[in-house]
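Residue numbers (my numbering): 433 to 747.
Everything on this sheet refers to the single structure shown next.
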């Protein structure tokens, strides 16, 4: 009997996009190409001190003691295979999808099992052809150590894991011709996101910097200053309530942005509802007009929540 133990490790999962179509078109050629690509991948994994755990069909699982080396391997793999694919016609190219996760797994002999492996496989399945998707546990370890960009994709729904797994697409470079994800927050096309990211940007200051960095205490200080100014210049009107409402909206948006486990659509609906309710109360004339948009927001939010639950159960 092999010894069974638990350990924390970095899981690297890869498989071929459209493998069935490639096999249907040319079985022998596809198998030969797969062997060449797997050999190249195995060589790079070994060079970065990883080990291949398992191969099946068109898939491969490897593990690394270093999170950074796992990501560097994935980047090297995609770059090397991209060079190989340049020599092939578009419909003959073999593109791999890669997912990386840092998690607790069960080790039995040379094999690995558990949610840590399942999450890596789910991340890989969500990656574009020729792309890399990582979990938030990987992102936290590599974000300042590898010269690549990252696009936040939001929570990835994984079976048996509540609230999903926050995930990031790895943007290898602005000139990378392979498809990448655009950040879900902005809903931009991948090409526009890469071009935008390549532009030089001035360092944000003041309230703008606070919003981008999620530094809510700065917003609280600004709010306290407005209230103090209103009281010191009191003329019977509490005028600071309106800029305070604006700051509250900014704080709410910053909070939603910096908490990836929050469903952004539902969060924005809740925030919009609270803003409308506040405006209705501040301008009260005996009519509760906010009830109708609040009802609409509740219906839309309920549909969104039910849809997410159905997708989670089906995953």
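Ideal placement from N, C-alpha and C gives every residue a C-beta, glycine not left out.
#### Entry: Which residues DSSP lists as bridging residue 540, in chain order
Stepping through the chain shown from its first residue, residue 540 is reached at position 108. Paired residue(s): 436, 543.
### Message
Just to confirm the assignment, what range does the beta strand (DSSP E) spanning residue 483 have?
### Response
As a working note, residue 483 is residue 51 in the chain shown. Segment 483-488, the beta strand (DSSP E) holding residue 483.
### Message
Using only CA atoms, which one of 671, 714, 507 lies nearest to residue 473?
### Response
On the chain shown, residue 473 is found 41 positions in, with the first residue counted as 1. The shortest C-alpha separation from residue 473 is found at 507.
### Message
Can you look up residue 533 in the DSSP assignment and give me helix, strand or coil?
### Response
Taking the chain shown and counting its residues from 1, one reaches residue 533 at position 101. Here residue 533 sits in strand by DSSP.
### Query
Between the stretch 593-601 and the stretch 544-559, do three or more beta carbon pairs fall short of 8 Å?
yes
### Message
Quick check: is any heavy atom of the ligand SAH less than 7 Å from the C-beta of residue 541?
### Response
Absence of the ligand SAH is noted for the structure shown, with no ligands found whatsoever.
### Query
Is residue 729 helix, strand or coil by DSSP?
Start at 1 with the first residue of the chain shown, and residue 729 comes out as number 297. Looking at residue 729 - three-state DSSP - the assignment turns out to be helix.
### Query
Is it true that the CB of residue 526 sits closer than 8 Å to the CB of residue 580?
Locating residue 580 in the chain shown gives position 148, where the first residue counts as 1. Locating residue 526 in the chain shown gives position 94, where the first residue counts as 1. No. Outside cutoff.
### Query
Per DSSP, residue 586 forms a beta bridge with which residues?
Working through the chain shown from its first residue, we reach residue 586 at position 154. Paired residues: 599.
### Task
Could you have a look at residue 458 and say whether DSSP puts it in helix, strand or coil?
By 1-based counting over the chain shown, the position of residue 458 is 26. Three-state result, residue 458: coil.
### Message
Taking a contact to mean a Cβ-Cβ separation below 8 Å, would you say residue 672 touches residue 654 in this structure?
### Response
For this step, residue 672 is matched to residue 240 along the chain shown. For this step, residue 654 is matched to residue 222 along the chain shown. Going by C-beta atoms, residue 672 is not nearer than 8 Å to residue 654.
### Task
Whole angstroms is fine: what's the gap from residue 681's alpha carbon to residue 707's?
Taking the first residue of the chain shown as 1, we reach residue 681 at position 249. Taking the first residue of the chain shown as 1, we reach residue 707 at position 275. The alpha-carbon atoms of residue 681 and residue 707 are separated by roughly 8 Å.
### Query
For residue 571, which residues of its own chain have a beta-carbon under 7 Å away from its beta-carbon, when the five flanking residues on both sides are left out?
Mapped onto the chain shown, residue 571 falls at position 139. Excluding sequence neighbours, residue 571 sits near 582, 600.
### Task
Can you tell me which of 730, 587, 520, 665 puts its alpha carbon nearest to the alpha carbon of residue 461?
By one-based count along the chain shown, residue 461 stands at place 29. Among 730, 587, 520, 665, the Cα nearest to that of residue 461 is on 520.
### Query
Quick one: any contact between the stretch 538-549 and the stretch 448-458, if contact means 3 or more CB pairs under 8 Å?
no
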